[in-house]
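S.K.: Residue numbering for the sequence shown follows the working numbering, beginning at 0 and increasing consecutively.
From the three backbone atoms N, C-alpha and C, an ideal C-beta is built for every residue, glycine too.
None of the values given here were measured: they were computed from a predicted structure.
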Amino acid sequence: QSVISRLQQRHRETGRVTERHRSVRPLATSHADDDRFIVNSALWNRMMNVRGTRASRQTIQNRLHQHGLRARRPARVPDHTTRHRRHRLAWAREHLHWTRNQENYISQLHKSFIRTFEKHT
0 QSVISRLQQR HRETGRVTER HRSVRPLATS HADDDRFIVN SALWNRMMNV
50 RGTRASRQTI QNRLHQHGLR ARRPARVPDH TTRHRRHRLA WAREHLHWTR
100 NQENYISQLH KSFIRTFEKH T
């Protein structure tokens, strides 16, 4: 029987074509507190699995998706070569005795460079 014929039959019997009441399955995370817990847990520790909830994996994924959080795998970067390690160690040894003021100065220079670069792009 087609949808149209069922609608015609329902109209003849009841005089209406409105949908009948359907029972809706309750959400696994029924409270806003549950959703907030899931989202905050994901934000606080990105590598954590939300255990202890009675919700399915798909439900957790749906709740995170609703709040703009999506599963991402970290980018795989190439391993450092021996040459890279030598240069990093040499740099660390050169800067081993820097004072906090010198570190802060370089940090501020770096931040100002980034701000300037962002303005021009």
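Verify whether the separation of the beta carbon atoms of Thr-9 and Val-16 is less than 8 Å.
M.R.: Counting from 1 along the sequence shown, the entry for residue 9 is found at position 10. Counting from 1 along the sequence shown, the entry for residue 16 is found at position 17. The sequence shown places Arg at residue 9, not Thr. Contact: yes.
S.K.: For Arg-62, does the count of other Cβ atoms within 10 angstroms reach 16, so buried, or fall short, so exposed?
M.R.: Position 63 of the sequence shown, counting from 1, holds the residue named residue 62. With 16 or more other Cβ atoms within 10 Å, it is buried.
S.K.: Can you give the Cα-Cα distance for Thr-81 and Thr-58, rounded to whole angstroms?
M.R.: In the sequence shown, counting from the first residue as 1, residue 81 sits at position 82. In the sequence shown, counting from the first residue as 1, residue 58 sits at position 59. The alpha-carbon atoms of Thr-81 and Thr-58 are separated by roughly 46 Å.
S.K.: Measuring CB to CB, does Leu-6 end up less than 8 Å from Val-38?
M.R.: Within the sequence shown, residue 6 is the residue found at index 7, counting from 1. Within the sequence shown, residue 38 is the residue found at index 39, counting from 1. For Leu-6 and Val-38, no; Cβs fall outside 8 Å.
S.K.: What's the gap between the Cα of Ala-91 and the Cα of Glu-102?
M.R.: For this step, residue 91 is matched to residue 92 along the sequence shown. For this step, residue 102 is matched to residue 103 along the sequence shown. The straight-line gap from Cα to Cα measures roughly 13 Å.
S.K.: Using the three-state DSSP reduction, which class does Val-76 fall into: helix, strand or coil?
M.R.: As a position in the sequence shown, residue 76 is number 77, starting the count at 1. In the structure shown, Val-76 sits in coil (DSSP, three-state: anything other than H, G, I, E or B).
S.K.: Going by other Cβ atoms of all chains shown within 10 Å of its Cβ, with 16 needed for buried, is Asp-78 buried or exposed?
M.R.: Translated into positions along the sequence shown, residue 78 becomes position 79. The residue in question, Asp-78, is exposed, as its Cβ has fewer than 16 Cβ neighbours within 10 Å.
S.K.: Just how far apart, CA to CA, sit Ser-4 and Arg-11?
M.R.: Counting from one through the sequence shown, the residue named residue 4 turns up at place 5. Counting from one through the sequence shown, the residue named residue 11 turns up at place 12. Cα-Cα distance, rounded: 11 Å.
S.K.: Between Leu-95 and chain D, is the shortest Cβ-Cβ distance under 8 Å, so that the two count as touching?
M.R.: The chain labelled as chain D is not found in the depicted structure, where only one protein chain is given.
S.K.: Determine the extent of the alpha helix (DSSP H) in which Leu-108 is found, giving its start and end residues.
M.R.: As a first step, residue 108 is located in the sequence shown; it is residue number 109 there, counting from the start. Where Leu-108 is concerned, the enclosing alpha helix (DSSP H) stretches over 99 to 118.
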